[in-house]
Structure formats: structure tokens, C-alpha cells
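Here is the structure we will look at, set down as C-alpha cells.
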Amino acid sequence: MVLDLEPVFNNIGMRLPFAFTFAMEDVPQAGPVTAEGAVENRAGVVTFSAAVSFVRHTACDRCLKALELPVRSEVSHVLVQQLADEADDAFVEVPTLRLDADALLREDILLLLPTKTLCRPDCKGLCPQCGADLNETDCGCKKPVDSRLAVLQQLLTEEPS
Numbered sequence: 001m002v003l004d005l006e007p008v009f010n011n012i013g014m015r016l017p018f019a020f021t022f023a024m025e026d027v028p029q030a031g032p033v034t035a036e037g038a039v040e041n042r043a044g045v046v047t048f049s050a051a052v053s054f055v056r057h058t059a060c061d062r063c064l065k066a067l068e069l070p071v072r073s074e075v076s077h078v079l080v081q082q083l084a085d086e087a088d089d090a091f092v093e094v095p096t097l098r099l100d101a102d103a104l105l106r107e108d109i110l111l112l113l114p115t116k117t118l119c120r121p122d123c124k125g126l127c128p129q130c131g132a133d134l135n136e137t138d139c140g141c142k143k144p145v146d147s148r149l150a151v152l153q154q155l156l157t158e159e160p161s
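When we follow the UniProt record's numbering, the leftmost residue of the sequence shown carries the number 1, and every step to the right adds one.
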């Protein structure tokens with residue numbers, strides 16, 4: 001959704017509410033994203049605030065169990081027509097006074113997503129030998145010993161002289 005911000009930038013105290021839904025094509029496991037918020041000019045400072053929510057369909061990174069995780073977050077940005085310093089990422093530049101809200105929220109959502117998703121904090125994962133889900137059963141497979149560390153294991157089992 002493209003927002004025309006000219007009236008907001010030109011009128012102190014003006015508020016432009018919005019509500020829309022969009023798809024996250026670049027995040028296939030994310031369902032439709034709902035965004036609600038407003039662009040406000042408070043004492044000459046224009047802010048973009050939104051609450052985004054969606055359901056993330058993914059799998060646990062350890063045991064591969066299918067998960068549906070509701071995601072809800074609030075984001076806020078200060079909007080300016082021109083940046084004083086190109087490297088300044090504290091502000092969002094809108095030189096044409098038209099803001100692509102979808103694109104801005106996509107960036108925020110990508111930063112929200114965790115790098116690792118677990119079904120629970122103590123997930124044991126899958127057995128590397130037989131593939132059994134170790135959260136549900138103890139498969140009985142022996143854990144392989146790294147031959148490079150076998151010498152250290154012998155030191156631990158030897159009695160001191």
C-alpha cells in the first residue's frame with residue numbers, strides 16, 4: 001500500500017490512519033500479514049507506527065515438527081523528506097512524500113524473524129542414526145564417539161597414581 005504523506009507533512013497535528021493486508025512472497029512460511037497503524041505529524045515530527053500480525057508456518061529446526069506460530073509486533077519509524085547524512089539509518093527518507101508501507105513493513109518483519117525456531121526450548125531433536133524423534137522416544141542407538149576425543153575420555157576414566 002502506497003501512502004500519500006503530503007497532507008501529513010504539511011499539517012501539524014494531522015493523523016493518517018491505515019489498515020491493510022499484504023502477502024510476504026519472500027517469506028513463504030508467513031501467512032497474510034495484517035497491518036494497522038497511523039502516520040502522524042506531532043510538532044513537526046512525522047512518525048509511522050504500525051502493529052503487524054501474521055501466522056508463521058514453519059518447522060522446528062531440531063525435530064522438524066510442524067509449527068504454527070502467531071507473530072505480533074509493533075514497529076515505529078521517524079519519516080523525513082531528506083536525510084542530513086546518508087549513513088543515518090535512524091530515519092526513513094521519503095523524498096517524494098509517497099511511502100510504500102508494504103516494503104517498509106517487509107523489512108521490519110524480516111528483522112523480527114528468529115534465526116532458529118524450536119518447538120520448545122529443551123527440544124532434543126532427531127537421532128542422527130535412525131531418525132527417531134528423541135522428544136517422544138529413546139531409540140537406544142549408541143552415540144558415536146569421535147576418535148579424536150577418545151584419548152581425552154581415557155584420561156577421565158584412568159585412576160590417578
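Each residue gets a CB set at the ideal place from its N, CA and C atoms; glycine is no exception. Predicted model only: the values in this text are computed from it and were never measured.
query: Alpha carbon to alpha carbon, how far is L111 from L156?; result: 45 Å
query: When you compare only the Cα positions, how much space is there between S53 and R106?; result: 12 Å
query: Write down every uninterrupted run of the alpha helix (DSSP H) in the stretch 5-60 whose length is 4 residues or greater and which is fully enclosed by it, in chain order.; result: 6-10
query: Taking the alpha-carbon positions, what's the C63 to L5 distance?; result: 47 Å
query: Helix, strand or coil for E86? Go by DSSP, reduced to three states.; result: coil
query: With a CB to CB cut of under 8 Å and the five nearest residues on each side skipped, what residues in its chain are close to Q82?; result: E93 and P95
query: Here's the rule: buried if 16 or more other CB atoms are within 10 angstroms of the residue's CB, otherwise exposed. What is G131?; result: exposed
query: Using beta-carbon positions only, say whether C127 and C60 come within less than 9 Å of one another.; result: no
query: Are V2 and R72 touching if we call contact CB-CB under 9 Å?; result: no
query: Could you give the C-beta distance for P17 and A23, rounded to a whole number, given that I count them as a contact under 8 Å?; result: About 22 Å separates the two Cβ atoms, so there is no contact after all.
query: When DSSP builds the beta bridges, which residues end up paired with V92?; result: L79
query: Run through DSSP, which three-state label would A66 get?; result: strand
query: Looking at C-alpha atoms only, which residue of F91, T34 and A90 is the closest neighbour of D102?; result: T34
query: Work out the CA separation of P70 and V55 for me, nearest whole Å.; result: 4 Å
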